[in-house]
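For the sequence shown, the positions run 50 to 273 when this note's numbering is used. This report concerns only the one structure given below.
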Amino acid sequence: MMYQLCPSILSADFNRLGEQIKTLEKAGVKWLHIDVMDGDFVPSISFGMPVIKSIRRESKMFFDVHLMVTAPERYIQDFADCGADSITIHAEASDDPERAIELIKDAGIKAGISIKPATPVNDISHLLEDVDLVLVMTVQPGFGGQKYLDECTEKIQELRELIDREELDVDIQVDGGINDDTLETVMKAGANLIVAGSYVFRGDLEQNVKSILRKIDKISQELD
Numbered sequence: 050m051m052y053q054l055c056p057s058i059l060s061a062d063f064n065r066l067g068e069q070i071k072t073l074e075k076a077g078v079k080w081l082h083i084d085v086m087d088g089d090f091v092p093s094i095s096f097g098m099p100v101i102k103s104i105r106r107e108s109k110m111f112f113d114v115h116l117m118v119t120a121p122e123r124y125i126q127d128f129a130d131c132g133a134d135s136i137t138i139h140a141e142a143s144d145d146p147e148r149a150i151e152l153i154k155d156a157g158i159k160a161g162i163s164i165k166p167a168t169p170v171n172d173i174s175h176l177l178e179d180v181d182l183v184l185v186m187t188v189q190p191g192f193g194g195q196k197y198l199d200e201c202t203e204k205i206q207e208l209r210e211l212i213d214r215e216e217l218d219v220d221i222q223v224d225g226g227i228n229d230d231t232l233e234t235v236m237k238a239g240a241n242l243i244v245a246g247s248y249v250f251r252g253d254l255e256q257n258v259k260s261i262l263r264k265i266d267k268i269s270q271e272l273d
């Protein structure tokens, strides 16, 4: 199984964003998690296409774009055009998630579906054959720095069991409250794509990344 650390630039210092992205790449990060928030589906507003297009010119990392926006199908081609390598939409944000996933695939990039903490896995089970990843929000979407919701661990386990039983090639991504304690929890539950914000960006960025990557490698070896 492929394990990746996916730093969320929502927690970056935007005055030094380009510099910090280069630091992440130098330290061995392959994926960059990009949270797009519209102030409607979630209360906060973050950034959009111009920021992604700008950093795309300077980075070869995999751009993992998470759309926390209402009716995401309106913007899929735009985000693909500005450099997204994958787009994840929320099941709760679209009246027709099947069509949105189809549009992502038509754009030639990876497709993901995300669920909030209160949304049951059963609500998206019929979509698993059509996506490349499922993002389980382990905090309420829209704000950084929240505490991990313990009840989400069971949801990750349920999803992993379902994916393995159906023999699907689908990654499980988690986002929210990841730290030294919860990293092991979510990986043992079945997650392999780890989104982290303040855990990565607070303090010495390069040292944090190297330390987290070592922890991920150690835990993954124990799981294998």
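Beta carbons: idealized from backbone N, C-alpha and C, even for Gly. Quick caveat: nothing in here was measured; it's all calculated off a predicted structure.
Next on the checklist: At a threshold of 7 Å, does residue 224 count as lining the ligand MN (C-beta to nearest heavy atom)?
Outcome noted: This structure does not include the ligand MN; it has no bound ligands of any sort.
Checklist entry - Using the beta-carbon count (16 or more within 10 Å), is residue 190 buried or exposed? => result buried
Item to check | CB of residue 178 within 8 Å of CB of residue 242, strictly | outcome: no
Item to check | Option nearest residue 229 by Cα separation, candidates 153, 151, 196 | outcome: 196
Checklist entry - If you compare alpha carbons, which of 127, 215, 100, 232 is closest to residue 61? => result 100
Next on the checklist: If contact is defined by three or more beta carbon pairs under 8 Å, each pair taking one atom from either stretch, is the segment 86-97 in contact with the segment 257-264?
Outcome noted: With a cut-off of 8 Å, the segment 86-97 and the segment 257-264 do not count as touching, because too few Cβ pairs lie within range.
Item to check | Outcome for residue 194 when other beta-carbon atoms lying within 10 angstroms are tallied against a minimum of 16 | outcome: exposed
Checklist entry - Can the beta-carbon of residue 314 be found less than 8 Å from the beta-carbon of residue 187? => result Nothing can be reported for residue 314: it is not among the residues displayed for the chain, which extend from 50 to 273.
Item to check | Residues near residue 153 by beta carbon distance below 6 Å, same chain, minus five either side | outcome: Hits under 6 Å: 125, 136, 160.
Item to check | Residues that residue 222 bridges to, as DSSP identifies them | outcome: 184, 242
Next on the checklist: Give me, in chain order, the residues of the same chain whose beta-carbon lies closer than 8 Å to that of residue 206; leave out the 5 immediate sequence neighbours on both sides.
Outcome noted: 238, 239
Next on the checklist: If I measure Cβ to Cβ from residue 108 and keep anything under 6 Å in the same chain, skipping five residues before and after, which residues do I get?
Outcome noted: 70
Item to check | Cβ shell of residue 170 (< 8 Å), same chain only, five flanking positions each side left out | outcome: Counting only residues of its own chain and dropping the five nearest sequence neighbours on each side, residue 170 has a CB closer than 8 Å to the CB of 164, 204, 207, 208, 211.
Item to check | residue 137, enclosing beta strand (DSSP E) - first and last residue | outcome: It spans 135-139 - the beta strand (DSSP E) in which residue 137 sits, taken as one unbroken run.
Item to check | Terminal residues of the alpha helix (DSSP H) in which residue 130 lies | outcome: 125-130
Checklist entry - Using a Cβ-Cβ cut-off of 7 Å (strictly less than) and excluding sequence neighbours within five positions of residue 79, which residues of its own chain qualify? => result 53, 110, 111
Item to check | CA-to-CA distance, residue 253 to residue 145, given in whole angstroms | outcome: 42 Å
Checklist entry - Between the C-alpha atoms of residue 201 and residue 185, what's the straight-line distance to the nearest angstrom? => result 8 Å
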